[in-house]
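Colleague: As you go down the protein sequences, you meet chains A and B in turn.
So for the first sequence, the numbering used here puts the first residue at 27; every next one is plus one.
So for the second sequence, the numbering used here puts the first residue at -18; every next one is plus one.
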Amino acid sequence: MAKRYGIVIDVARCTGCYACFLACKDENCGEEHPGYTVAQPMTGQQWINLVEVERGTFPKVKLSHIPVTCGQCENPACMNQAENGAVYQREDGIVMIDPEKAVGQKQIVNTCPHRMIFWNDEKNVPQKCDMCAHLLDNGLSRPRCVEMCPTGCLTFGDLNDPDSEVSKLVAEKKPYVVHPEYGLEEKVLYLNVPKKFVAGTVVFKDTDQCAKGARVTLKGDGFSGEMIADEFGDFWFEGLDARMNLVLEIEADGYQKISKTVRTLSDVNTGDLFLEKK
Amino acid sequence: MAEEILTSCTCGGATFVHVKDGKITKIRPIVFDDTDAPAWSIEARGKVFTPPRQTSMGSFIVTQKARIYSENRIKYPMKRVDFDPNGERNPQNRGKSGHVRISWDEAFDLLESEIKRIHKTYGKAAITASTSSHADFGLLQYKMGAFGRFWNMLGYSQLMDNPDSWEGWHWGATHAWGYYWKLGISDNFDMLEEALKHTELLVFWGVDPNTSAGGYNGQDGTRWRLWCKELGMKMVFIDPWCNFTAGTWGDKWIAPRPATDAAMAEAIAWVWITEDTYDHWFIENKTQGFEEFKKHILGEEEGGFPRTPEWAAGVCEIEARDIYALARLWAKKKTMLCTASIYGVSSACRQPYGTEWARLMVFLLSMRGLGADGCNTWGGASMAPPMDMSFRMFGYGDNGWDAFGLVADESAQNTVRQKTYRLLLPECVMNDKTEWIGEGFCGHSLDQQRTQQVCPLPKEEGGAPIKMIYRQGGSYISTMTDTNRWTRMFQHPNLEFFVTSDIHYQSETKFADLILPACSGFEREDICEMGAPGGYGANDMGANFRVCLYMKKCIEPLWESKSDYDIYVELSKRLGFHDRYTEGKTIQEWIRKIFDASSLPEHISFEEFKEKGYYIVPPPKPDFKRAVSNKWYYEDRECDVADHKNPLKGTDRAKMMGTPSGKIEFVSTFLTKYFPDDKERPLLGQFMEPWEGKFSPEAEKYPLVMVTPHMRFSYHTHHDNKSPWLDEIPCHRIKKADGYAYWPVRISHEDARDRGIKHGDLVKLHNDRGAILAVAWLTERVKKGVLLCYQASAKYDPLEPGKAGSIDRGGCVNLMTPSRMVSKNAPGMACNSVCVEIEKWGA
Chain A
27 MAKRYGIVID VARCTGCYAC FLACKDENCG EEHPGYTVAQ PMTGQQWINL
77 VEVERGTFPK VKLSHIPVTC GQCENPACMN QAENGAVYQR EDGIVMIDPE
127 KAVGQKQIVN TCPHRMIFWN DEKNVPQKCD MCAHLLDNGL SRPRCVEMCP
177 TGCLTFGDLN DPDSEVSKLV AEKKPYVVHP EYGLEEKVLY LNVPKKFVAG
227 TVVFKDTDQC AKGARVTLKG DGFSGEMIAD EFGDFWFEGL DARMNLVLEI
277 EADGYQKISK TVRTLSDVNT GDLFLEKK
Chain B
-18 MAEEILTSCT CGGATFVHVK DGKITKIRPI VFDDTDAPAW SIEARGKVFT
32 PPRQTSMGSF IVTQKARIYS ENRIKYPMKR VDFDPNGERN PQNRGKSGHV
82 RISWDEAFDL LESEIKRIHK TYGKAAITAS TSSHADFGLL QYKMGAFGRF
132 WNMLGYSQLM DNPDSWEGWH WGATHAWGYY WKLGISDNFD MLEEALKHTE
182 LLVFWGVDPN TSAGGYNGQD GTRWRLWCKE LGMKMVFIDP WCNFTAGTWG
232 DKWIAPRPAT DAAMAEAIAW VWITEDTYDH WFIENKTQGF EEFKKHILGE
282 EEGGFPRTPE WAAGVCEIEA RDIYALARLW AKKKTMLCTA SIYGVSSACR
332 QPYGTEWARL MVFLLSMRGL GADGCNTWGG ASMAPPMDMS FRMFGYGDNG
382 WDAFGLVADE SAQNTVRQKT YRLLLPECVM NDKTEWIGEG FCGHSLDQQR
432 TQQVCPLPKE EGGAPIKMIY RQGGSYISTM TDTNRWTRMF QHPNLEFFVT
482 SDIHYQSETK FADLILPACS GFEREDICEM GAPGGYGAND MGANFRVCLY
532 MKKCIEPLWE SKSDYDIYVE LSKRLGFHDR YTEGKTIQEW IRKIFDASSL
582 PEHISFEEFK EKGYYIVPPP KPDFKRAVSN KWYYEDRECD VADHKNPLKG
632 TDRAKMMGTP SGKIEFVSTF LTKYFPDDKE RPLLGQFMEP WEGKFSPEAE
682 KYPLVMVTPH MRFSYHTHHD NKSPWLDEIP CHRIKKADGY AYWPVRISHE
732 DARDRGIKHG DLVKLHNDRG AILAVAWLTE RVKKGVLLCY QASAKYDPLE
782 PGKAGSIDRG GCVNLMTPSR MVSKNAPGMA CNSVCVEIEK WGA
């Protein structure tokens, strides 16, 4: 069976170090890869980039860096709107922009809903990530961004080979596309993309101590979660959808129950919630 | 010509360097082949952990290609247009007037004649020379090599470095646990396996390992922290700034007011004492002075008060219950305090009275039983995988200031006694007399900390006023404190000649009378072990593998640049000690001698080593006996860790710490003897309200308190402003509509709102010492009253060039940090509690 290259990105492993971004610059800025792509300009294009996301309010703050790059879509929007066969898919699934046929085709840039196609003014051509196809064709086992990543946040391989690391991850962890509604069937899949959280701190009002062990439940809109407040009285419910209407309940023996409605318009920090003696 | 793959090493990891047609095309990690050593593995709690067989790099290293070919390179020797060594020197125009290209011959002529003139007129002590740390790597050509050998052989006023990244440990913790040979921090051996097997909780205090641990060892340790998470270890972060590691991987963030960390530490001790949860055996047998500490903590001393969490909560502006919770959790769980060794030295140690916080960290470690299973100090959770330290390879610091001396007939010795001090260089130049205490890096004894220094020394002792500075690489305007002082110094008539030799134009290059183009580490040859500093950092390893490298000359020196060694070789010829300096050897011959003196020949021929470019030291054999740092002390055994620099090993004090008593000292014997009246570094380590901060007089005009920790995308000033790629990383620099990439300052939404500042606004950040322009980054990661602005912008770009006090558009925050030192007798920098104000700039 032909190869089908894909990447699984585990956002939880990303530290925001930008080594992937810089490796891509190193590989492509000022370096033409004949037959694959013209040189990337020294600045202005980010074939892989990080989106820094800060969620929550002091002191319940979470930080994530989401690597974003071309999805090497099975159903590429760019290919459909390119003229003259300027965008094509290789047998291994990599979506290529032909640096000669694509000359002048600025419309290709705007076809990508992920905004991952860039216009090279000097060469009058669109260009983007091609998973370092010129290296894969010459014996390197992975793109530069993947090789440079220090945490294993990016896993690259053949999705058609059930024994590949990437296929095992797909089978085991069920990574997903971030925008299924685009219908592009990206082969760059994600794990642990931050969603909304509801977090807070539970305090025993009579002693002013952290309410370690308080039982916290969060329910509503099809969600149901339960956790025990930790040593700091903290609870974090992660992975919630936006705009959920939820009921938060907190109980501890000998204390009055707290009940509170929360709405995940953004991430929710309830602040300190004080349990009063019965 | 076909592409070649060569090898090099940097200050952030070992690299493959692809070269085609005499040009570097890419910088890659070294990916091991089948003939290289296998990886180690650690079995812990039912899992097996093994690292990938390749090197990693600090992300700034990935910019090397752009850095090497940067337009910002110094291309030719240059002379200041209005500098006439035989007439008007116009020192007042330094930083204002331009430069003209000259030949290397003219440059060497000028250097030779000026050095000879100054020697004749004033004496050798009138010249001081200094070099930056961590520009490029290499055993022979790093600063302890070519630079140190030249200047020590010539004789000069040594500019002593302050221990800038670990001040509090050096001036404080040495008086609690010794470790002066490690400059105040603990060694770290076999910590990774110890943690994975036993530890349950990681406490990071002022430490941001994912940001700061890209140096030397690349980012290998980052994966280890993920392993810790995988095993369910909880990560608690204490830092006024929700740093990058805290924000991404932290389980709990506690944000004390800057420079009040020691109060929080005292309150933790109060909980442990009052709840009786500390290690009595350890305290009774392995420490001294605890009774006095206990009295202090409980408020039983004269005029004292109990150091309760409620008290500390008021001081630190945090919740008392969080202190109780942390103290109880820490008492219950096997805990690594992820500071107190390298890569965990912490921004909290570079603050007013940072000595006291560092001492208190040692006290807390002692109360938990330092060295018990899983309970230890583990810098940044970044150090010490299983390593075979019996394999002999050198670090650049293994022979002090002359790495060549490891294998040379003659090791250079400075005959000039006069010293200058990095933090006081401007005063040493401008003032008639400057006094301070200590010998900079006091790595030989505690006694070095009480040496009284004066510059200049009396003439009869060989002293002379400082008339010439030779600056090799880097920038003090960007990295020292209250750095408008440097502008004043450069323009002072006392300074007759200022030379800088560097790879790139740095913040103070334009002040120089003579500018020399040095080449990068990729344009010269060297040999090294990745990440191995030797000396005070002997066997500090935070990488997965010991990688020995033949650093290839990947390309010819660009433009007219020369290697530092070649510059000093020519200069030594002109000054008459060429034969002593070179001993008739080429750099290749020196490399061969180092190779022959190492363990490498037992494993690989020189030819093969040179051809392949690297050798991976095999991991320890399965029967390898682990020797965990400090465990010997806990178990009352002789020190058995692989630290050959520990002076107590093999002596009758081998079971002891490096304090005068041999025990961990709550009340310092040394301070009691020599500094009995010092109220700023008391005999018993304790919290004191910082001399600059929310309640200091400065705060009336400048109510915000700024912290300035080390940043991620540049090692000091060596990468920022060298690669345009970094300017596209918004958490590093932010490009405004005018195309200029400004330095970001993080501010709370509340403080921004109070001042009419919006996200992305250009702002002026200022105090009486200086001012910069920056871009406001609104965040919940600092609380009201606190600003975060990373140190070491490499771009000093004053709106009024050459004017001290000018607003800097480039973002050098150290223009605003205080020159006052940690405390009276602790001459370190205190740059993490700086009173400033911020206002919107322009329309």
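The beta carbon of each residue, even a glycine, is placed where N, CA and C say it ideally should be.
What is the rounded straight-line gap between the Cα of serine 392(B) and the Cα of glutamate 564(B)?
Modeller: Cα to Cα, the separation comes out at about 11 Å.
Colleague: CB-CB under 8 Å to arginine 116(A), same chain, minus the five flanking residues each way: which ones, in chain order?
Modeller: Counting only Cβ-Cβ distances below 8 Å, and skipping sequence neighbours, we find Met122, Ala159.
Colleague: I'd like to check one pair, proline 498(B) with serine 542(B): are the Cβ atoms closer than 8 Å?
Modeller: Yes; because the gap between Cβ atoms is below 8 Å, this pair is in contact.
Colleague: Kindly indicate the opening and closing residues of the alpha helix (DSSP H) around valine 296(B).
Modeller: It spans 290 to 297 - the alpha helix (DSSP H) in which valine 296(B) sits, taken as one unbroken run.
Colleague: Determine contact between the segment 244 to 256 of chain B and the segment 50 to 69 of chain A, defined as no fewer than three beta-carbon pairs at a distance below 8 Å.
Modeller: No, the segment 244 to 256 of chain B is not in contact with the segment 50 to 69 of chain A.
Colleague: Are the segment 793 to 813 of chain B and the segment 332 to 348 of chain B in contact at 8 Å, needing three or more beta carbon pairs?
Modeller: Touching, per the Cβ criterion.
Colleague: Closer than 6 Å by C-beta to methionine 374(B): which residues in its own chain qualify, once you throw out the five before and the five after it? Chain order, please.
Modeller: If we look at methionine 374(B) and ignore the five residues flanking it on each side, its Cβ neighbours are Glu510, Cys529, Ser579.
Colleague: Relative to the C-alpha of serine 501(B), which residue among Ala47(B), Ala20(B), Thr31(B) is closest?
Modeller: Comparing Cα positions, the closest option is Ala47(B).
Colleague: Which partner residues of isoleucine 108(B) appear in the DSSP bridge assignment?
Modeller: Partner(s): Met449(B).
Colleague: Can you tell me whether leucine 780(B) is buried or exposed, with buried defined as 16 or more other CB within 10 angstroms of its CB?
Modeller: Classification of leucine 780(B): exposed, given that the 10 Å Cβ count is below 16.
Colleague: Distance, Cα to Cα, alanine 623(B) vs proline 366(B)?
Modeller: Alanine 623(B) and proline 366(B): Cα-Cα distance of roughly 13 Å.
Colleague: Between the Cα of proline 296(B) and the Cα atoms of Glu283(B), Asp242(B), Val252(B), His700(B), which residue gives the shortest distance?
Modeller: Before going further, note that residue 296(B) is valine rather than proline in the sequence given. Valine 296(B) has its Cα closest to that of Asp242(B), out of Glu283(B), Asp242(B), Val252(B), His700(B).
Colleague: Looking only at its own chain, which residues have a Cβ that is under 7 Å from the Cβ of glycine 199(B), when we skip the five neighbours before and after it?
Modeller: Once the five neighbours on either side are set aside, the close Cβ partners of glycine 199(B) are Gly(-7), Gly(-6), Thr36, Ser37, Met38, Gly39, Ala524.
Colleague: My assumption, with CB atoms under 8 Å, is that aspartate 260(B) sits in contact with glycine 350(B). Please give the rounded CB distance.
Modeller: Contact holds; Cβ gap of about 4 Å.
Colleague: Can you list the beta strand (DSSP E) stretches of 3 or more residues lying completely in the segment 157 to 193 of chain A, in chain order?
Modeller: Listed in chain order, the complete beta strand (DSSP E) runs (minimum 3 residues) inside the segment 157 to 193 of chain A are 180 to 184.
Colleague: Where do the N-terminal and C-terminal ends of the beta strand (DSSP E) with alanine 225(A) fall, by residue?
Modeller: Run containing alanine 225(A): 222 to 230, per the beta strand (DSSP E) assignment.
Colleague: Return no unless some Cβ of chain B is closer than 8 Å to the Cβ of glutamate 80(A).
Modeller: Chain B, which has a Cβ nearer than 8 Å to the Cβ of glutamate 80(A), makes this yes.
Colleague: Taking the runs of the beta strand (DSSP E) that are 3 residues or longer, which of them lie wholly in the segment 630 to 718 of chain B?
Modeller: The segment 630 to 718 of chain B contains these whole beta strand (DSSP E) runs: 685 to 688.
Colleague: So is tyrosine 305(B) in contact with chain A if we call contact Cβ pairs under 8 Å?
Modeller: With 8 Å as the cut-off, tyrosine 305(B) counts as an interface residue toward chain A.
Colleague: Name, going along the chain, the residues of the segment 210 to 236 of chain A whose beta-carbon falls closer than 7 Å to a beta-carbon of chain B.
Modeller: Within the segment 210 to 236 of chain A, the qualifying residues are Val229, Asp234, Gln235, Cys236.
Colleague: Work out the CA separation of aspartate 390(B) and isoleucine 92(A) for me, nearest whole Å.
Modeller: Cα-Cα distance, rounded: 56 Å.
Colleague: Can the beta-carbon of threonine 358(B) be found closer than 8 Å to that of leucine 318(B)?
Modeller: Going by C-beta atoms, threonine 358(B) is nearer than 8 Å to leucine 318(B).
Colleague: Using 8 Å as the threshold, is the C-beta distance between isoleucine 418(B) and asparagine 806(B) below it?
Modeller: A contact, by the Cβ cut-off of 8 Å.
Colleague: Looking only at its own chain, which residues have a Cβ that is under 8 Å from the Cβ of cysteine 209(B), when we skip the five neighbours before and after it?
Modeller: Cβ neighbours of cysteine 209(B) beyond the five flanking positions: Ala176, Leu177, Thr180, Leu183, Met216, Ala362.
Colleague: Count the CB pairs spanning the segment 458 to 469 of chain B and the segment 54 to 73 of chain B that are closer than 8 Å, and state whether there are at least three.
Modeller: The answer is no - the segment 54 to 73 of chain B does not touch the segment 458 to 469 of chain B, with fewer than three Cβ pairs under 8 Å.
Colleague: Only counting the same chain, and skipping five residues up and downstream in sequence, which positions put a Cβ closer than 7 Å to that of serine 328(B)?
Modeller: Counting only Cβ-Cβ distances below 7 Å, and skipping sequence neighbours, we find Gly187, Val688, Pro690, Asn813.
Colleague: Just checking: is the beta-carbon of isoleucine 536(B) within a distance shorter than 8 Å of some beta-carbon in chain D?
Modeller: This model lacks chain D altogether; the protein chains it does include are A and B.
Colleague: Do we get a CB-CB distance below 8 Å when we pair glycine 251(A) with the residues of chain B?
Modeller: Answer no: the Cβ-Cβ gap between glycine 251(A) and chain B never drops below 8 Å.
Colleague: If valine 34(A) sits next to leucine 217(A), beta carbons under 8 Å apart, how far is it from one beta carbon to the other, in whole angstroms?
Modeller: With a Cβ gap of about 6 Å, valine 34(A) and leucine 217(A) count as contacting.
Colleague: Could you list the residues in the segment 25 to 43 of chain B with a C-beta less than 9 Å from some C-beta on chain A, going in chain order?
Modeller: Hits within the stretch, in order: Pro33, Gln35, Ser37, Met38, Gly39, Ser40, Phe41, Ile42, Val43.
Colleague: Could you spell out where the beta strand (DSSP E) holding tyrosine 114(A) opens and where it closes?
Modeller: Residues 113 to 115.
Colleague: So lysine 228(B) contacts chain A; which residues on that side make the cut at Cβ distance below 9 Å?
Modeller: Note on residue identity: the sequence assigns glycine, not lysine, to residue 228(B). By Cβ distance, chain A contributes Gly42, Glu80, Val87, Lys88, Leu89, Ser90.
Colleague: Apart from the five residues on each side of it in sequence, which residues of its chain come closer than 8 Å, Cβ to Cβ, to valine 87(A)?
Modeller: Glu80, Arg81.
Colleague: Using a Cβ cut-off of 8 Å (strictly closer), state whether lysine 606(B) contacts chain A.
Modeller: Judged by the 8 Å Cβ criterion, lysine 606(B) is not in contact with chain A.
Colleague: Run through chain B and tell me which residues come within less than 9 Å of methionine 68(A), C-beta to C-beta.
Modeller: Simply Ala47, Pro705, Trp706.
Colleague: According to a CB-to-CB cut-off of less than 9 Å, which residues of the segment 103 to 127 of chain A neighbour chain B?
Modeller: Residues: none.
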